[in-house]
Amino acid sequence: MRRLAVTIVVAMSVAALASLAPRSLVPSACAAAGSHHAALVVEHGDGSVVSRCVAFDASQVTGEELLTASGIAWSGQTFGGFGEAVCAMDGEPARYSSCPGADGYWAVFVVRGGGVWQLSNVGISTLTVADGDAEGFRFVPSSGNPAAPPLPAGICAPASSVPAATPSATPTATGPATPVATGPPTPAATPKPAATAVVAPTVRPTAATSDVAAPGSVASPSFGAIDSATAAIAGVTASFAPTSSAGVAPGFDAPAPAPGPTPGPDLGLLAAALAGGGLGGLALVRLIAMRRSVR
Amino acid sequence: MTSASARPLPLPLVRHAGLAPRVWLVWSLAAVTAALASDNPVYRGLVALAALNVLLTWLPPGRNLRPLAVAVVLAAAFAGLVNVIASHTGADVVLRLPADWPLVGGPLTVESLAFGGALGLGLVAALLAVAPLSLILEPHDVVDAMPAPLERTGIAVATSLNLVSGFGRTFTAVRDAQRMRGWRPRGIRSWNEVLVPVILTAIEDSVLLAEAMEARGFGAGRRTSYAREAICRWDWIVVAGALGAAGLLIAARLAGTPVDWQPYPTLALPPINPVLVAGCLALTLPAFARAAPARPRDTGDRS
């Protein structure tokens with residue numbers, strides 16, 4: 266029995282260590298642009314839309330790899346054979362304690378070869394995307410049939426007009442008022458991704474990620490470019506302007522402290538610390554007294 | 021016969037040595053409600069500490085806390101472990117098990133560990149909140165504390181629970197007796213010599229218990245009462261504090277005040293409201309009632 270237990274423990278440890286080994290980046294050769302492209306469309310609950318055209322070299326990638334390579338911050342949960350489900354993306358919901366949430370969830374769609382959106386019946390880690398396909402996400406209410414995001418037509422322009430995505434240290438906020446990041450590019454106003462970045466660094470943005478560069482649109486060689494094609498579809502524009510810092514994957518850095526006066530001590534925290542300390546101390550004293558009386 | 025003599029005499033007041041059983045029942049229910057009204061680990065921890073203080077203050081001599089401690093630790097550890105291995109979400113990955121492993125496969129994260137800890141803390145708080153009903157009160161006190169519509173149900177449940185321990189005692193006695201006769205366990209079939217007498221004895225005990233309860237009028241109507249319970253000032257204070265604590269948490273939730281803690285995708289400090297902290301502290305009031313002057317057990321008052 267003991268031998269069996271030791272064998273199981275050793276096997277689990279070996280498997281865990283093996284899984285910790287760095288995995289090759291899927292679009293590893295996509296520093297500038299890959300040979301294949303797939304569109305990614307994300308529609309928030311408020312109707313704002315973010316879209317990306319992601320390049321990759323492999324014949325097909327998983328939906329998870331495509332999403333990760335897009336630079337959009339997301340957080341997921343593994344559901345056995347279903348695969349990875351998206352719990353939060355691009356700051357929606359900002360926080361959650363259950364996945365899928367009680368109020369809404371991220372529905373996953375896929376377009377095969379220029380067709381229409383089809384609801385995916387597998388998780389994004391199981392879903393595969395090939396050249397010309399598209400992956401879509403829409404935050405939908407928990408009840409009812411999930412509606413599809415805007416069609417991905419035109420998001421992946423010809424390769425010549427797709428600029429290489431290089432992580433930019435300069436926050437970009439161009440175009441009209443945006444639902445995601447309005448006002449000056451302060452750390453507090455911009456990066457939803459910084460708050461929800463959960464993607465493992467091994468599968469992060471070395472891929473050529475490009476925002477749509479429709480003719481006449483503003484195409485900045487950074488993650489922060491405005492997606493004018495998406496704006497045309499959804500009627501809104503989405504700004505995505507994370508900053509970059511040393512040692513952290515671009516687009517997923519932690520926000521700098523907000524400027525302004527330093528906040529004072531949290532009264533609630535202070536009260537909880539005092540109450541907890543007092544009650545804990547009192548319980549300890551009683552326990553000691555009880556043990557002494559037993560002796 | 022005058023009208024004054026026709027009036028029934030008021031029932032004598034019975035003063036308990038401690039808090040009245042009904043007060044304990046209200047306190048326990050309020051503490052459980054407060055512990056489960058939110059998944060905020062701060063409030064749950066405070067409720068657990070308050071209940072622990074109350075328990076340590078009122079624990080009668082000779083009562084052992086070790087079984088409760090073991091149950092509490094096991095429940096908390098189980099809840100935490102299950103959440104860690106089943107909830108593969110969160111930003112800070114500690115370990116990544118192969119995804120094709122059923123249930124446990126996927127990333128194990130700090131956030132799921134923290135949320136599992138909060139779940140365990142809720143179980144700990146709930147267990148400590150109901151512990152006085154079994155460790156401080158006698159079974160008949162619990163039955164008497166129940167509202168009239170639940171009285172007979174309480175008796176039936178208490179009797180059923182009593183049979184469980186009786187079954188264990190019978191099993192031990194029969195097994196020891198068979199061993200003295202030379203019986204030794206040799207496979208499953210040999211246990212017939214123990215189990216058959218145990219089952220027969222259990223049935224016989226149940227029949228005896230039913231006859232005894234029938235003879236005492238169970239099911240014939242409400243139990244008669246020769247005394248009414250005295251509710252003193254500290255009883256009211258404890259009830260007010262307990263109901264206030266539970267009511268505050270429920271009111272805060274209904275009012276939309278952030279009460280719950282959401283650990284995903286990255287760990288963050290739970291929202292802490294000083295008023296709700298004070299409400300949780302009110303659950304400690306029974307611990308201070310102990311310092312009140314001792315009251316006589318039975319001072320009947322027919323005036």
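Chains as they are written, first to last, in the working numbering: chain E, 266 to 560; chain F, 21 to 323.
Just so it is clear, CB atoms sit at the ideal spot from N, CA and C, and this is done for glycine as well.
All figures in this text were calculated on a predicted structure; none of them were measured in a lab.
Other residues of its chain near residue i: CB distance less than 7 Å, five sequence neighbours each side excluded
{"i": "residue 300 (chain F)", "result": "54, 63, 66, 67, 70, 265"}
{"i": "residue 150 (chain F)", "result": "48, 52"}
{"i": "residue 125 (chain F)", "result": "117, 118, 119"}
{"i": "residue 127 (chain F)", "result": "108, 113, 116"}
Chain-ordered chain F contacts of residue i [CB-CB under 7 Å]
{"i": "residue 361 (chain E)", "result": "282, 284"}
{"i": "residue 556 (chain E)", "result": "Here the premise fails: no neighbours, minimum Cβ distance about 11 Å."}
Chain E contact residues for residue i, given Cβ-Cβ distances below 9 Å
{"i": "residue 226 (chain F)", "result": "Ordered by position in chain E, no residue passes the 9 Å Cβ test against residue 226 (chain F), which lies about 38 Å from the chain."}
{"i": "residue 164 (chain F)", "result": "Result: empty, since nearest Cβ-Cβ is about 28 Å, beyond 9 Å."}
{"i": "residue 108 (chain F)", "result": "341, 342, 343, 344, 349"}
Contacts that residue i makes with chain E (C-beta to C-beta distance below 7 Å)
{"i": "residue 293 (chain F)", "result": "533"}
{"i": "residue 69 (chain F)", "result": "541, 544, 545, 548"}
{"i": "residue 62 (chain F)", "result": "537"}
{"i": "residue 301 (chain F)", "result": "540"}
Alpha helix (DSSP H) segment containing residue i, residue limits
{"i": "residue 160 (chain F)", "result": "159–165"}
{"i": "residue 47 (chain F)", "result": "41–56"}
{"i": "residue 123 (chain F)", "result": "Per DSSP, residue 123 (chain F) belongs to no alpha helix (DSSP H) and is neither H nor E."}
{"i": "residue 65 (chain F)", "result": "61–78"}
{"i": "residue 300 (chain F)", "result": "294–301"}
{"i": "residue 223 (chain F)", "result": "212–235"}
{"i": "residue 254 (chain F)", "result": "253–274"}
{"i": "residue 305 (chain F)", "result": "305–309"}
For residue i, the first and last residue of its enclosing beta strand (DSSP E)
{"i": "residue 279 (chain F)", "result": "Counting along the chain, residue 279 (chain F) falls outside any beta strand (DSSP E), and DSSP gives it neither H nor E."}
{"i": "residue 363 (chain E)", "result": "First-last for residue 363 (chain E): undefined, no H or E at that position."}
{"i": "residue 403 (chain E)", "result": "399–406"}
{"i": "residue 299 (chain E)", "result": "Neither: residue 299 (chain E) is in no beta strand (DSSP E) and is coded neither H nor E."}
{"i": "residue 321 (chain E)", "result": "314–321"}
{"i": "residue 114 (chain F)", "result": "113–117"}
{"i": "residue 369 (chain E)", "result": "369–376"}
{"i": "residue 344 (chain E)", "result": "339–344"}
{"i": "residue 393 (chain E)", "result": "393–395"}
{"i": "residue 351 (chain E)", "result": "348–354"}
{"i": "residue 326 (chain E)", "result": "325–327"}
Contact set for residue i: own chain, Cβ-Cβ below 6 Å, skip 5 residues either direction
{"i": "residue 187 (chain F)", "result": "222"}
{"i": "residue 137 (chain F)", "result": "100"}
{"i": "residue 457 (chain E)", "result": "Confidence in residue 457 (chain E) is poor, its pLDDT being 34 and thus under 50, which makes the residue's placement unreliable; the coordinate value appears in the next sentence. Counting only Cβ-Cβ distances below 6 Å, and skipping sequence neighbours, we find 355, 356."}
{"i": "residue 447 (chain E)", "result": "Here residue 447 (chain E) scores only 31 on pLDDT, less than 50, and its place in the model should not be relied on; the value that follows carries that caveat. So no residue of the chain qualifies."}
{"i": "residue 156 (chain F)", "result": "78"}
{"i": "residue 388 (chain E)", "result": "347, 348, 349, 350"}
Neighbour list for residue i in chain E, Cβ cutoff strictly below 8 Å
{"i": "residue 65 (chain F)", "result": "541"}
{"i": "residue 135 (chain F)", "result": "362"}
{"i": "residue 73 (chain F)", "result": "544, 547, 548, 551"}
{"i": "residue 297 (chain F)", "result": "533, 536, 537, 540"}
Same chain, Cβ closer than 8 Å to residue i, five either side skipped, listed in chain order
{"i": "residue 543 (chain E)", "result": "none"}
{"i": "residue 547 (chain E)", "result": "none"}
{"i": "residue 77 (chain F)", "result": "306, 307, 310"}
{"i": "residue 380 (chain E)", "result": "none"}
{"i": "residue 226 (chain F)", "result": "183"}
{"i": "residue 541 (chain E)", "result": "none"}
{"i": "residue 555 (chain E)", "result": "none"}
{"i": "residue 257 (chain F)", "result": "305, 309"}
{"i": "residue 344 (chain E)", "result": "350, 388"}
Selected residue, minimal CA-CA separation from residue i, among the options
{"i": "residue 375 (chain E)", "options": "E:307, E:558, E:552, E:315", "result": "E:307"}
{"i": "residue 59 (chain F)", "options": "F:94, F:93, F:139, F:123", "result": "F:139"}
{"i": "residue 288 (chain F)", "options": "F:212, F:39, F:111, F:228", "result": "F:111"}
{"i": "residue 551 (chain E)", "options": "F:43, F:45, F:41, F:73", "result": "F:73"}
{"i": "residue 191 (chain F)", "options": "F:104, F:219, F:228", "result": "F:219"}
{"i": "residue 278 (chain F)", "options": "F:293, F:175, F:261, F:45", "result": "F:293"}
{"i": "residue 145 (chain F)", "options": "F:185, F:93, F:158", "result": "F:93"}
{"i": "residue 197 (chain F)", "options": "F:283, F:40, F:214", "result": "F:214"}
{"i": "residue 302 (chain F)", "options": "F:158, F:270, F:291, F:260", "result": "F:260"}
{"i": "residue 46 (chain F)", "options": "F:285, F:211, F:267, F:280", "result": "F:267"}
{"i": "residue 229 (chain F)", "options": "F:159, F:84, F:263, F:178", "result": "F:178"}
Under 9 Å from the C-beta of residue i: neighbouring residues of chain F
{"i": "residue 317 (chain E)", "result": "Result: empty, since nearest Cβ-Cβ is about 20 Å, beyond 9 Å."}
{"i": "residue 372 (chain E)", "result": "Within 9 Å Cβ-Cβ: nothing; residue 372 (chain E) doesn't reach chain F, min ~17 Å."}
{"i": "residue 352 (chain E)", "result": "109, 284, 285"}
Residue i: contacting residues in chain F (beta-carbon distance under 8 Å)
{"i": "residue 552 (chain E)", "result": "76"}
Neighbour list for residue i in chain C, Cβ cutoff strictly below 7 Å
{"i": "residue 304 (chain F)", "result": "Going by chain labels, chain C is absent from the structure shown, which instead holds the protein chains E and F."}
So, do the region 353–364 of chain E and the region 406–423 of chain E have three or more beta carbon pairs nearer to each other than 8 Å? Contact between the region 353–364 of chain E and the region 406–423 of chain E is absent: fewer than three C-beta pairs spanning the two stretches fall below 8 Å.
So does the region 116–131 of chain F actually touch the region 163–170 of chain F, counting three or more Cβ pairs closer than 8 Å? Contact between the region 116–131 of chain F and the region 163–170 of chain F is absent: fewer than 3 CB-CB pairs across the two stretches fall below 8 Å.
Any contact between the region 362–375 of chain E and the region 395–406 of chain E? By contact I mean 3 or more CB pairs, one from each, below 8 Å. Yes, they touch.
Decide if the region 119–126 of chain F is in contact with the region 167–182 of chain F; the criterion is three or more beta carbon pairs, one per stretch, under 8 Å apart. Output reads no: the region 167–182 of chain F does not touch the region 119–126 of chain F.
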